[in-house]
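> Please read through the structure below; I'll follow up with questions.
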Amino acid sequence: MPLSLYFHIPFCKSRCGYCDFVTFAGFERLIPEYVHALEKQVLLYSSNDEVRTIFFGGGTPSLVPPEHYARLFITIRESFRLLPDAEITLEANPGTVDNRSLSEFRNMGFNRISFGMQSARPSELQMLERQHRPEDVVRAVTLSREAGFENINLDLIFGIPGQILKDWKGSLQAALDLSPEHLSLYSLIIEEGTPLARRIERGDIPHPDDDITADQYEWSCRVLEDAGFRHYEISNWAKVDVSRDLRCQHNMQYWRLGPYLGFGCGAVGFLPARKDAPRSPGQLMQNEGGINNYIKQVNLVNKRGDDSIFFKPVTETYEMETLLFMGFRLLQEGINPTEFQHRFNVDLQQVFGERIDGLFERGLIELSPEGNYRLTRNAWFTSNQVLREFTGVSD
């Protein structure tokens, strides 16, 4: 199976109030050294392996000047075999792109761009401590089209404190007016220790209303279906196009628990177990979390010539549970029992029958026409009730 590659770009102009990711503001001076470390790590895995998708996430990948990516792309192409139709995604902040940078990104190989729109309301952007304006999103999408991007995603957040259904309807309609090929809609998670969480704890702003948030999600499901979008994953919708598959192919690799390598600080990867004789275990990849620590880690590995520091083996049970945890996120595809049997040489019911039967009894999962296990529509918004059934393993 072809690989997917993830590159974590942790640099930001400022940290958003709700952000709990591995991101750092004010460290742009480290960009050249950091990208050089990415190149070194790529070279560690130089092979003839095919690559289906590449994803640059962050952070704010669009904050890095295109010339740095140009060098990195040379290393990637020299180290792997990129498939002719490989999906290559760049995450971008709407306020950090212009004509020149977008054209350069497109010309070097990026063919999908994802903008963190989040909201079309200035007051909500301010509450989230986003650094762009609604008009920046319109401009960024327009310039992206002019640069040749034919696959654009917009991220939006619902369940924002004080946000009512009418507010959310306005933001989603503003996104639809830009004719994106893909939409990712996320319910705001209040992460402990973030500035937003502290403001809620102090009573400065209200906690999101769960009932309103559920209404926003249900309304979105109906409206996007009418607008010609396919709801293929809990938080993701792709425009229906008979000529091409507009689902995020990179994330599909995650949800199907395919092989992927992670490059950059805090990045993770996974290599499934091989069915050799004897069977080799799956490998979980984890890089150091800080920028400087990651650079030191890569330099140390290059000096020693041993990359085992990045990997740890996982049990077969871990891999099975992770496959179900990820696969149940795919609303139409779900879990294929035949593929499970082929992958692990054991019947799905034999391993997880009790849990699966319990989910059926609670009305949380069903059988698709193809015979796959998938979430019922009533369980889409409360999917954690299903997913947490498959997070009990510890390695």
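If you count the sequence shown from 1, position 360 lands on 1510 in our numbering, and the numbers rise without skipping.
For every residue, glycine included, the Cβ atom is placed at its ideal position computed from N, Cα and C.
(1) Between which two residues does the alpha helix (DSSP H) carrying residue 1499 extend?
(2) In chain order, what are the residue ranges of uninterrupted alpha helix (DSSP H) at least 4 long that sit wholly in the stretch 1190-1223?
(3) For residue 1166, does the count of other Cβ atoms within 10 angstroms reach 16, so buried, or fall short, so exposed?
(4) Span of the alpha helix (DSSP H) holding residue 1530?
(5) Below 7 Å CB to CB, which residues in the same chain sit around residue 1540 once its five sequence neighbours on both sides are set aside?
(6) Run the CB neighbour count on residue 1158, radius 10 Å, all protein chains shown included, and call it buried at 16 or more, exposed below.
(7) Could you spell out where the beta strand (DSSP E) holding residue 1237 opens and where it closes?
(8) With a threshold of 16 other CB atoms inside 10 Å of the CB of residue 1544, please say whether the residue is buried or exposed.
(9) Just checking residue 1313 against the ligand SAM - is the residue's beta carbon closer than 8 Å to any of the ligand's heavy atoms?
(10) The beta strand (DSSP E) that contains residue 1388, what's its start and end?
(11) Quick one: what's got a C-beta closer than 7 Å to residue 1494's C-beta in the same chain, skipping five residues either side?
(12) With burial defined as no fewer than 16 other Cβ atoms inside 10 Å of the residue's Cβ, what is the status of residue 1357: buried or exposed?
(13) For a test of the three-state rule: what should DSSP assign to residue 1097, helix, strand or coil?
(14) Thinking C-beta only, is residue 1283 closer than 9 Å to residue 1245?
(15) Does the separation of the CB atoms of residue 1195 and residue 1229 fall below 9 Å?
(16) Hey, out of 1450, 1302, 1170, whose CA is closest to residue 1261's CA?
(17) Against chain C, with Cβ distances strictly below 9 Å, would residue 1284 count as a contact?
(18) If you draw a straight line from the C-alpha of residue 1497 to the C-alpha of residue 1433, how long is it?
(19) Out of curiosity, what's the CA-to-CA distance linking residue 1453 and residue 1208?
(20) What runs of the alpha helix (DSSP H), each 4 residues or longer, lie entirely inside the stretch 1388-1447?
(21) By alpha-carbon positions, which one of 1436, 1401, 1431 ends up nearest to residue 1416?
(22) Which partner residues does residue 1462 have in the DSSP bridge list?
(23) Along the alpha helix (DSSP H) that carries residue 1370, what are the first and last residues, could you check?
(24) Note down, in chain order, each residue of its chain lying with its Cβ closer than 8 Å to the Cβ of residue 1362, except the 5 sequence neighbours on either side.
(25) Do you know how far the Cα of residue 1387 is from the Cα of residue 1565?
(26) Would you mind sorting residue 1488 into buried or exposed? The rule is 16 or more other CB atoms within 10 Å of its CB.
(27) Taking C-alpha atoms, which residue in 1393, 1528, 1202 lies nearest to residue 1331?
(28) According to DSSP, which residues form a beta bridge with residue 1175?
(29) From the DSSP output, read off the bridge partner residues of residue 1268.
(30) Along the beta strand (DSSP E) that carries residue 1251, what are the first and last residues, could you check?
(31) Between which two residues does the beta strand (DSSP E) containing residue 1334 stretch?
(32) Quick one: what does DSSP say residue 1489 is sitting in, helix, strand or coil?
(33) Within 10 angstroms of the Cβ of residue 1500, are there 16 or more other Cβ atoms? Answer buried if so, exposed if not.
(34) Note down the Cα distance separating residue 1293 from residue 1249, rounded to an integer number of angstroms.
(35) Determine whether the beta carbon atoms of residue 1278 and residue 1304 lie at a separation below 9 Å.
(36) Can you look up residue 1494 in the DSSP assignment and give me helix, strand or coil?
With the structure as the only source:
(1) Numbered from its first residue, the sequence shown carries residue 1499 at position 349. Looking at the DSSP string, the run of the alpha helix (DSSP H) that includes residue 1499 is 1498-1511.
(2) none
(3) In the sequence shown, counting from the first residue as 1, residue 1166 sits at position 16. Flag for residue 1166 reads buried.
(4) Locating residue 1530 in the sequence shown gives position 380, where the first residue counts as 1. Here residue 1530 belongs to no alpha helix (DSSP H), and DSSP marks it neither H nor E.
(5) Here residue 1540 corresponds to residue number 390 of the sequence shown, with the count starting at 1. Cβ neighbours of residue 1540 beyond the five flanking positions: 1471, 1474, 1475.
(6) On the sequence shown, residue 1158 is found 8 positions in, with the first residue counted as 1. Under this definition residue 1158 is a buried residue.
(7) As a first step, residue 1237 is located in the sequence shown; it is residue number 87 there, counting from the start. Where residue 1237 is concerned, the enclosing beta strand (DSSP E) stretches over 1231-1242.
(8) On the sequence shown, residue 1544 is found 394 positions in, with the first residue counted as 1. Because the pLDDT of residue 1544 is 34, which lies under 50, any placement of that residue in the model is unreliable, and the number read from its coordinates should be weighed accordingly. Under this definition residue 1544 is an exposed residue.
(9) As for the ligand SAM, it is missing from this structure, which has no ligand bound.
(10) Locating residue 1388 in the sequence shown gives position 238, where the first residue counts as 1. Looking at the DSSP string, the run of the beta strand (DSSP E) that includes residue 1388 is 1386-1389.
(11) On the sequence shown, position 344 is the one that residue 1494 refers to. Once the five neighbours on either side are set aside, the close Cβ partners of residue 1494 are 1466, 1470.
(12) Taking the sequence shown and counting its residues from 1, the one referred to as residue 1357 is at position 207. It counts as exposed.
(13) Summary: the structure shown does not reach residue 1097, with the chain confined to residues 1151 through 1545, and so no result is reported for it.
(14) Position 95 of the sequence shown holds residue 1245. Position 133 of the sequence shown holds residue 1283. Contact: yes.
(15) Residue numbering aside, residue 1195 sits at position 45 when the sequence shown is read from its first letter. Residue numbering aside, residue 1229 sits at position 79 when the sequence shown is read from its first letter. Yes.
(16) Here residue 1261 refers to the residue found at position 111 when the sequence shown is read from its first residue. Taking only the C-alpha atoms, the option nearest residue 1261 is 1302.
(17) Considering every chain present, this structure includes no chain C. It has just one protein chain.
(18) Translated into the one-based positions of the sequence shown, residue 1497 becomes position 347. Translated into the one-based positions of the sequence shown, residue 1433 becomes position 283. So the two alpha carbons sit approximately 23 Å from each other.
(19) For the purposes of this step, residue 1453 is taken as residue 303 along the sequence shown, with counting starting at 1. For the purposes of this step, residue 1208 is taken as residue 58 along the sequence shown, with counting starting at 1. One C-alpha to the other measures close to 27 Å.
(20) 1399-1405
(21) Sequence index remark: in the sequence shown, residue 1416 carries index 266 (1-based). If we check each option's Cα against that of residue 1416, 1436 comes out closest.
(22) By 1-based counting over the sequence shown, the position of residue 1462 is 312. Partner(s): 1434.
(23) The residue labelled residue 1370 in the question sits at position 220 within the sequence shown. Its alpha helix (DSSP H) spans residues 1360-1376.
(24) Residue mapping note: residue 1362 aligns to position 212 of the sequence shown, counting from 1. Answer for residue 1362: 1309, 1313, 1314, 1315, listed in chain order.
(25) Residue 1565 is absent from the model: the chain starts at 1151 and stops at 1545.
(26) The residue you call residue 1488 lines up with position 338 of the sequence shown. With fewer than 16 Cβ atoms within 10 Å of its Cβ, residue 1488 is classed as exposed.
(27) By one-based count along the sequence shown, residue 1331 stands at place 181. Measuring from the Cα of residue 1331, the nearest candidate turns out to be 1393.
(28) Locating residue 1175 in the sequence shown gives position 25, counting from the first residue. 1162, per the DSSP bridge assignment.
(29) Taking the first residue of the sequence shown as 1, we reach residue 1268 at position 118. According to DSSP, which records beta bridges pairwise, residue 1268 is partnered with 1306.
(30) Start at 1 with the first residue of the sequence shown, and residue 1251 comes out as number 101. Per DSSP, residue 1251 belongs to no beta strand (DSSP E); it is in the alpha helix (DSSP H), 1249-1258.
(31) The residue labelled residue 1334 in the question sits at position 184 within the sequence shown. Residues 1332-1337.
(32) For the purposes of this step, residue 1489 is identified with residue 339 of the sequence shown, where counting begins at 1. Residue state, collapsed to three classes: helix.
(33) As a position in the sequence shown, residue 1500 is number 350, starting the count at 1. The residue is exposed, with fewer than 16 neighbouring Cβ atoms inside 10 Å.
(34) Residue mapping note: residue 1293 aligns to position 143 of the sequence shown, counting from 1. Residue mapping note: residue 1249 aligns to position 99 of the sequence shown, counting from 1. C-alpha separation (whole angstroms): 6 Å.
(35) Position 128 of the sequence shown holds residue 1278. Position 154 of the sequence shown holds residue 1304. Cβ atoms of residue 1278 and residue 1304: not closer than 9 Å.
(36) Here residue 1494 refers to the residue found at position 344 of the sequence shown. Residue 1494 falls in the helix class under three-state DSSP.
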